[in-house]
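Taking it in order: structure first as structure tokens, then the write-up.
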Amino acid sequence: MHPENDPRYTGLAVNAGVAQPPSVNPYLKPRRRQPLPSAAELVEGILKGDVTQLARAVTLVESVAPAHQAIAREVIEKCLPHSGRSRRIGITGVPGAGKSTSIDVFGLHVLRNGGKLAVLAIDPSSERSKGSILGDKTRMEKLSTHPSAFIRPSPSAGSLGGVARKTRETIVLCEAAGYDTVFVETVGVGQSETAVHSMVDFFLLIQLAGTGDELQGIKRGIMEMADGIVINKADGDNIDRARLAQAQFRSALHLFPTPPSGWSPEVLTYSGYYELGIPEVWDMIDRYFTFVKENGYFESRRHEQARYWMYETIDAELRHRFYDNPDRALRIADCERRVLANTLSPFAAATLLLNS
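In this note's numbering, the protein residues as written are 34 to 389.
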């Protein structure tokens, strides 16, 4: 019982207090939700190089809403004939290796030669909140303000392999918009970069020297996929350590079998911060593309990648249809209860659900 309600204090009154202003601005007009653009409008804008329409199309591609997905599929189908004429370069490395800084200086090198660059930066998503910072633009200060560069950060959203689920489709849209070079920056997860390797033409691995972990970098999983290895931060007192690491990586590459392309991966040193050795890195990439186009590997790899993503899409669609069936959801819940009650093994439950 509050003291002010006691009968002994009947002569006292409790003031209502100062009226609080509303938490929402009364003069704020509600924003009208923009109608969904049609596929024809998006395609027309993309083919004209309209960055706004390209960004809206990528948003629809990444959305899981059925209405958005229907428009996105139509846009991709109409843009597909206008794609495939870019250089797709995947860039990976351990966190802190300088991927974003390197992309900034590599991208400026591309743009100085008259090209157009699209950067698809994949940001890791939190397992708890499912959110992502999407702050890669802040580390690409020069590229983010360049009119010929398009930077699109996307959340990994639980996808393995260091890339987002819709990165492959986003590449098609960027190529249709006229971008002749596409960088795909991975989250830098280490040795599970198979997804990005299956959607790019050149796979660049960025390493560091002097971190006391050189042997960790010499791993078959990631090294066998690399078409080129570059050692960043080769400046100042770190130059000797970078050259030592370069020799170690070159020796390690001799132990691996020759890649299907026939290209022998090169190991170079550079400094992204001081912009040292950038032309040499890009010359290596130019030599690679000349080499694989002359021996026919470029086309065969593009065909193999298209086949790979067809089967990946089938797997994703089967999983989606399996779990989105309302009737099956009840059976899944029932099997889950039986598994937790230890009356049905997980393997038998899975077989039962698949047979249904």
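C-beta: ideal position from N, C-alpha, C; glycine also.
All values derive from a computational prediction rather than experimental measurement.
When rounded, the separation of the alpha-carbon atoms in T92 and A154 is 14 Å. T302 is bridged by DSSP to I264.
Between L150 and T214, the CB-CB gap stays under 8 Å. Under the three-state reduction of DSSP output, P293 falls in the coil class, being neither helix nor strand. Sequence-distant Cβ neighbours of S119 in its own chain, meaning closer than 7 Å and more than five residues away, are E208, Y212, D213, T214 and V215.
Apart from the 5 residues on each side of it in sequence, S116 sits with its Cβ closer than 6 Å to the Cβ of V205, E208 and A209 in its chain, given in chain order.
DSSP places R121 inside the beta strand (DSSP E), whose first and last residues are R120 to G126. When the Cα atoms are used, W315 and Y321 turn out to be separated by approximately 10 Å. Per DSSP, the beta-bridge partners of F216 are I122 and V152. Note on geometry: alpha-carbon atoms of R370 and D348 lie some 26 Å from one another. Rounded to whole angstroms, the gap between the alpha carbons of A73 and L387 is 40 Å. In the DSSP annotation of this structure, Q279 is not part of any beta strand (DSSP E); the continuous alpha helix (DSSP H) holding it starts and ends at I272 to L286. Pairing V325 with S297 gives a Cβ-Cβ distance that is not under 8 Å. The closest CA to that of L237, considering only Q338, T219, A228 and D260, is found on D260. Counting along the chain, the unbroken alpha helix (DSSP H) around L385 starts and ends at P379 to N388. The C-beta distance from V263 to L301 rounds to 5 Å, short enough to meet the 8 Å contact threshold. The alpha-carbon of V152 is positioned some 8 Å away from that of I136.
Distance from K266 to G131 at the Cβ level is roughly 7 Å; contact confirmed, criterion being Cβ atoms closer than 8 Å. No Cβ-Cβ contact shorter than 8 Å links R352 with S389.
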